[in-house]
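Numbered according to this note's numbering, the sequence shown spans residues 220 to 648.
We treat Cβ as the ideally placed atom computed from N, Cα and C, and that holds for glycine.
Following: one structure in C-alpha cells, then a few remarks.
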Amino acid sequence: MNRKPLLLVGLSLTGLLMTLLLLVGLGTAVAEPAPTNLPLIADFEGGIPAGFVGFADSWDGSGSATTLALGTTQLDLPVSPPVTETTAVSVTYFVDPFIPWGFPGYAGVTHDFATPQDWDGYQGFSFWFHGSGSSGAHRIELKSTGASPANSNRYEYTFTDDVDGWKYVNVPFSDFTRRFDFNPGPSPDDPINLGNMWGYSILLAPGAGGTFQMDNVMLTKRHTIHDFEGGIPAGFVGFADSWDGSGSTTTLAYATTTTDLPTVPPITGTTAVSATYFVDPFIPWGFPGYAGLTYDAPAAEDWSEYDSFSFWFYGSGSGGDHRIELKADGAAPANANRYEYTFTDAAAGWTWFNVPFSDFAPRTDFNPGPSPSDPINLGKMWGYSILLAPGTGGSFLLDEVALYGRPVTERKVSLAEDAYAVEEGGLVE
Numbered sequence: 220m221n222r223k224p225l226l227l228v229g230l231s232l233t234g235l236l237m238t239l240l241l242l243v244g245l246g247t248a249v250a251e252p253a254p255t256n257l258p259l260i261a262d263f264e265g266g267i268p269a270g271f272v273g274f275a276d277s278w279d280g281s282g283s284a285t286t287l288a289l290g291t292t293q294l295d296l297p298v299s300p301p302v303t304e305t306t307a308v309s310v311t312y313f314v315d316p317f318i319p320w321g322f323p324g325y326a327g328v329t330h331d332f333a334t335p336q337d338w339d340g341y342q343g344f345s346f347w348f349h350g351s352g353s354s355g356a357h358r359i360e361l362k363s364t365g366a367s368p369a370n371s372n373r374y375e376y377t378f379t380d381d382v383d384g385w386k387y388v389n390v391p392f393s394d395f396t397r398r399f400d401f402n403p404g405p406s407p408d409d410p411i412n413l414g415n416m417w418g419y420s421i422l423l424a425p426g427a428g429g430t431f432q433m434d435n436v437m438l439t440k441r442h443t444i445h446d447f448e449g450g451i452p453a454g455f456v457g458f459a460d461s462w463d464g465s466g467s468t469t470t471l472a473y474a475t476t477t478t479d480l481p482t483v484p485p486i487t488g489t490t491a492v493s494a495t496y497f498v499d500p501f502i503p504w505g506f507p508g509y510a511g512l513t514y515d516a517p518a519a520e521d522w523s524e525y526d527s528f529s530f531w532f533y534g535s536g537s538g539g540d541h542r543i544e545l546k547a548d549g550a551a552p553a554n555a556n557r558y559e560y561t562f563t564d565a566a567a568g569w570t571w572f573n574v575p576f577s578d579f580a581p582r583t584d585f586n587p588g589p590s591p592s593d594p595i596n597l598g599k600m601w602g603y604s605i606l607l608a609p610g611t612g613g614s615f616l617l618d619e620v621a622l623y624g625r626p627v628t629e630r631k632v633s634l635a636e637d638a639y640a641v642e643e644g645g646l647v648e
C-alpha cells in the first residue's frame with residue numbers, strides 16, 4: 220500500500236518523543252475510501268444494477284400462483300428541474316394470498332450491495348414510486364449489520380399503494396421498525412446501524428396485484444424552512460405592481476389552505492400557501508408587470524451544508540415562465556444579490572422542486588446587491604421569492620419549503636501498522 224509520507228521536521232526531542240508515543244500502538248492513519256455515488260444509490264440509467272433482483276415464492280418451488288416480471292421503462296418524473304424519459308424499474312406482479320406451504324405468498328425486488336455502505340449523517344431513504352392503486356400494504360425493507368446481506372438485520376416501513384400515479388417516498392430512518400416475520404440478522408432488536416448498510420427491498424403485499432415503477436433511490440438530508448403549519452410566517456408577503464401605484468390590472472391574493480401532498484409518509488390535511496393572480500403584461504410605467512411572493516429572513520441564514528432549494532408547487536397550467544429567486548450577501552434582504560431559476564407552469568398538479576444551487580444564475584432585470592455577479596454565498600442567505608410571469612394568470616399552492624444536501628462527513632481512518640521507528644527530521648513511509 221502506498222502512503223503519503225509524514226514529514227517530521229524541526230521537532231524538539233520532547234516533541235519527537237511525544238510524536239513517537241502517539242505513533243506506537245496506533246499505527247499510520249490511512250483514509251478509507253468513501254462512497255462516491257451517495258446520496259444516489261440507484262437511478263437505473265445504466266439498466267438494472269448488479270445485486271438488484273426480483274423474487275417470488277413460486278420461483279422457490281411453492282407451487283403458488285404468485286408471479287413477478289421485472290424490467291425497465293422510460294418515463295417522466297413530476298419534478299423540476301425536469302427529468303424526462305428517465306429509465307425506471309418496472310414490475311408487474313401478483314402475490315398469492317396463501318400458498319401451499321401454509322403461509323402468505325411473497326414477492327418483490329431487492330438490492331444487495333457487494334460491500335456495506337455508510338449512511339451515517341443522512342436522515343431518510345427516498346425514491347419515486349408510481350403505483351397502480353392496488354390497495355396493497357407494501358413494505359420497504361432495509362438491511363443492516365451482519366456479515367452479508369443474507370445475514371443482516373431487517374427493518375421495515377409499511378405504505379399503501381392507494382393511487383394510480385406518482386408518489387415521492389422519503390421515509391425517515393426513525394420510522395423504520397424491526398421486521399418480525401423474517402429477520403436473520405445477528406442483532407434484530409438493535410437500532411439500525413446506518414454505518415453498515417447492506418441494501419433494501421420492496422416487499423409486495425400478499426393478495427395484491429398490479430404494476431409499479433421505481434426510480435431515483437437516494438438518501439436524504441433535509442432542513443425545513445417553512446411548512447406553513449403555523450400560518451403565514453413573519454417576513455413572508457405578497458407583492459404586486461398595482462399595490463405600488465402603477466395603475467395596472469395586476470392582482471394578487473394569497474392565504475392559507477389545507478391540502479394533501481403525494482408523499483410517503485402521507486402528508487394529509489397539511490397547511491399550504493394558496494395564491495391567485497393576474498400579472499399585467501405591460502404596465503403604465505413602461506415595463507412588464509410584476510407580482511409574486513417573497514420571504515425576507517430577520518437575520519442572514521447559513522445554507523452552506525446543503526446542495527439544493529426545494530418545495531412542492533401545485534400549478535394551474537398557466538404556461539407562465541415563473542422564476543424562483545434567492546437572496547444572498549448584502550446588508551439586508553433589500554440590498555442582497557439576487558439569483559434566479561426559471562420554470563414553466565406547464566400542467567395542473569403537483570410538482571416537486573429540488574433545484575441545485577448550481578442551477579441558479581444572477582438575476583439581470585433587477586439586482587440591488589453589492590456583488591451581483593458573484594456566485595451565491597450560501598453562508599449568508601436572506602430569503603427567497605416566487606416571481607410570477609408577466610401576462611399570466613391562474614393559481615398555485617406552495618408548501619414544504621426546504622433545503623436538501625449531504626452530511627458533512629469526517630474521513631474515517633484505519634490502522635495499517637502497530638509502530639514505526641523514526642529519526643528526527645526523517646520520514647515515516
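Could you check which residue in the options has the C-alpha nearest to that of residue i?
i, options, result
"G343", "A494, V388 and A491", "V388"
"T469", "T478, F458 and T477", "F458"
"L471", "P301, Y603 and A608", "A608"
"N435", "F348, F313 and R625", "F348"
"A510", "R557, S461 and P552", "S461"
"F455", "L597, A491 and A580", "A491"
"P452", "P575, A261, A427 and T513", "T513"
"N370", "A261, T285, W417 and G539", "W417"
"V382", "G270, D394 and S353", "S353"
"N556", "W601, A518 and E520", "W601"
"F332", "L287, P425, D618 and G270", "G270"
"V314", "D564, T487, A288 and E520", "A288"
"T285", "P258, G324, E264 and L296", "G324"
"G610", "P500, W385 and T487", "P500"
"F263", "G321, Q293 and R582", "Q293"
"A550", "G539, G568, P517 and G488", "P517"
"D380", "Y341, A427 and D394", "A427"
"G612", "P575, R582 and G538", "G538"
"G568", "L617, P258 and T583", "L617"
"T487", "E448, G505, W522 and S523", "E448"
Could you name the residues of the same chain whose beta carbon sits closer than 8 Å to that of residue i, not counting the 5 residues immediately before and after it, in chain order?
i, result
"M614", "The residue you asked about is not Met; residue 614 is Ser in the sequence shown. If we look at S614 and ignore the five residues flanking it on each side, its Cβ neighbours are S493, A494, T495, Y496 and S535."
"F572", "V298, S299, F528, S529, F530, W531, F532, I543 and F562"
"P503", "S465, G466 and S467"
"D339", "L413, G414, P626 and T628"
"A553", "D515 and P587"
"W385", "L296, P297, W347, F348, H349 and P481"
"F322", "none"
In angstroms, rounded to a whole number, what distance separates the CA positions of residue i and residue j?
i, j, result
"Y376", "L438", "15 Å"
"G355", "T477", "27 Å"
"G429", "N402", "27 Å"
"T303", "S577", "20 Å"
"S590", "Y603", "18 Å"
"F431", "G273", "13 Å"
"P507", "Y560", "19 Å"
"A474", "G450", "9 Å"
"G266", "T291", "7 Å"
"M433", "S309", "7 Å"
"I444", "V620", "5 Å"
"D564", "T570", "9 Å"
"N256", "T306", "18 Å"
"E251", "S367", "Here E251 scores only 42 on pLDDT, less than 50, and its place in the model is too uncertain to base an answer on."
"T334", "P407", "20 Å"
"F395", "R582", "43 Å"
"P301", "G280", "44 Å"
"D393", "F585", "Note that residue 393 corresponds to Ser in the displayed sequence, not to Asp. Between S393 and F585, the C-alpha separation is close to 44 Å."
Go ahead and pull the three-state DSSP assignment for residue i.
i, result
"D262", "coil"
"A369", "helix"
"W338", "coil"
"N554", "helix"
"D394", "helix"
"W522", "coil"
"S465", "coil"
"A621", "strand"
Which residues in the same chain have their Cβ closer than 6 Å to the Cβ of residue i, if we skip the five residues on either side of it in sequence?
i, result
"Y419", "H330 and L361"
"E520", "M600"
"A424", "G355, A356 and H357"
Roughly how far, in whole angstroms, is the beta-carbon of residue i from the beta-carbon of residue j, given that I think they are within contact range, below 8 Å?
i, j, result
"G282", "P316", "That belief does not hold up - the Cβ atoms of G282 and P316 are roughly 14 Å apart, past 8 Å."
"N415", "S351", "In fact, because the Cβ distance is near 35 Å, the residues do not count as touching under 8 Å."
"V390", "V483", "7 Å"
"L480", "H541", "In fact, because the Cβ distance is near 20 Å, the residues do not count as touching under 8 Å."
"P268", "A261", "5 Å"
"P405", "G365", "5 Å"
Any beta-carbon of chain D closer than 8 Å to the one on residue i?
i, result
"S367", "Chain labels in this structure do not include chain D; a single protein chain is all it has."
Report all residues from its chain with a CB closer than 7 Å to the CB of residue i; omit the five preceding and five following residues, and keep chain order.
i, result
"R358", "E375, Y376, T377 and L422"
"Y525", "H442, L622, Y623 and G624"
"R398", "E360, R373, Y374 and E375"
"F579", "L545, Y558, E559, Y560 and I595"
"A566", "G534 and G536"
"P575", "D526 and S527"
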